[in-house]
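Shown next, in structure tokens, is the structure this report addresses.
In the numbering used here, the protein residues as written are 566 to 906.
As structure tokens, then:
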């Protein structure tokens, strides 16, 4: 009897030790944290066991079998998607993250000064749109009404976006337009136009400011010059002068389906409401999607007496009279510099 008691006690002790060891091992295997740094893409139909084996090989999961059992017990399913696993993570935390179905994101950059024609090329190249789809959407009144904008040009905010790679053409545009509204909403709602802007535009609207900003954007990429060029535009509008901005001519040809790499003298007489050599006042819509610096320049121009400018090697040379403007151009020609009004 005594011997039976001793044997039973020994067996119970052994079972307890094994249980403690098992519990300790399971705890370490599933709940102990370790440094993880892994970007992972899980495709639809990926074998869970194969994935867990891969995670074991990458030192993310300690015991694939226990991880698999945990998934079954908790009724968790590994979902397709792209995951960025970073930090001190346990196996359980990794499994929970992999069950969330994170979308795979694709980087898309819309440069400052790009227009709807550029946007169409960029988004079709990235696979979000069919060629010509952006141009069609730019004339889709129902889509524009949904976005609550008068037209696409000027309202697609230039920035770098990380978009669900399965997003549609409309989805990407919605994202960029929503971003435009977030960035500029407060700027426009709290805006009090300075005297120069009111005198030049009469009724100051967001639409008119964006048109000016778009011309500024295409005229210069020098931040410090932008308010000066905006001021020149307003000065000319006040005096009833044609703006005579080359970027508007290029855009006029684009709208007519004609590509121009370089302007020649006769090109400035091209009949179009966008051609500011041909018509007085502003173009009917923006000619590109301006960045925030150009938008602010249009809102807060620098007050000067300048009426003309010509592109030099670095920035522009400004003048208050046509005679001085011609002298500046002749000097640039003498120095062998390229000239653009």
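Note that CB positions come from ideal geometry on N, CA and C, so glycine has one too.
The Cβ atoms of residue 699 and residue 709 lie no closer than 7 Å to each other. Secondary structure within the region 746-827: not one fully enclosed beta strand (DSSP E) run of 3 or more consecutive residues is present. DSSP, reduced to helix, strand and coil, places residue 741 within a helical segment of the structure shown. Annotation: the region 696-731 contains the following complete segments of the beta strand (DSSP E) (minimum length 3 residues), in chain order: 725-729.
The C-alpha of residue 653 lies about 21 Å from the C-alpha of residue 666. Spanning the alpha carbons of residue 849 and residue 642 requires a straight line of approximately 54 Å. Looking at 651, 644 and 671, the one whose alpha-carbon comes closest to that of residue 663 is 644. When the beta-carbon positions are compared, residue 840 and residue 869 stay at least 7 Å from each other.
The C-beta distance from residue 717 to residue 681 rounds to 6 Å, short enough to meet the 8 Å contact threshold. Rounded to the nearest whole angstrom, the CA to CA distance from residue 781 to residue 612 is 55 Å. Residue 806 and residue 696 have their alpha carbons spaced roughly 39 Å apart. Bounds of any alpha helix (DSSP H) do not take in residue 650; it lies within the beta strand (DSSP E) bounded by 646-654. One Cα belongs to residue 785, the other to residue 855, and the distance between them is close to 11 Å.
Per the coordinates, the alpha-carbon of residue 836 lies some 34 Å from the alpha-carbon of residue 743.
Measuring C-alpha to C-alpha distances from residue 834 to each of 842, 828 and 827 identifies 842 as the nearest.
Excluding residues up to 5 positions away in sequence, 672, 673, 674, 675, 737, 740, 741 and 744 lie with their Cβ nearer than 8 Å to the Cβ of residue 726 in the same chain.
Relative to the Cα of residue 802, the nearest Cα in the group 871, 832, 757 and 657 belongs to 871. Taking every protein chain shown into account, the CB of residue 899 has fewer than 16 other CB atoms within 10 angstroms, so this residue is exposed. In summary, residue 787 is exposed, with fewer than 16 beta-carbon neighbours lying within 10 Å of its beta-carbon over all protein chains present. Comparing alpha carbon positions, the residue from 597, 659 and 634 closest to residue 604 is 659. For residue 623, the closest of 602, 844 and 647 by C-alpha to C-alpha distance is 602. Here residue 886 carries a coil assignment [DSSP, helix/strand/coil]. As DSSP reads the structure, residue 670 sits in a beta bridge with 729. Residue 756 has its alpha-carbon roughly 17 Å from the corresponding atom of residue 795. Taken through DSSP and simplified to helix, strand or coil, residue 837 comes out as coil. Close CB contacts of residue 844 within its chain, under the 7 Å cut and outside five residues either way in sequence, are with 838 (chain order).
Every beta strand (DSSP E) of 3 residues or more that sits fully in the region 844-888 is shown, in chain order, as 873-876 and 881-884.
Between residue 853 and residue 804, the C-beta spacing is not below 7 Å.
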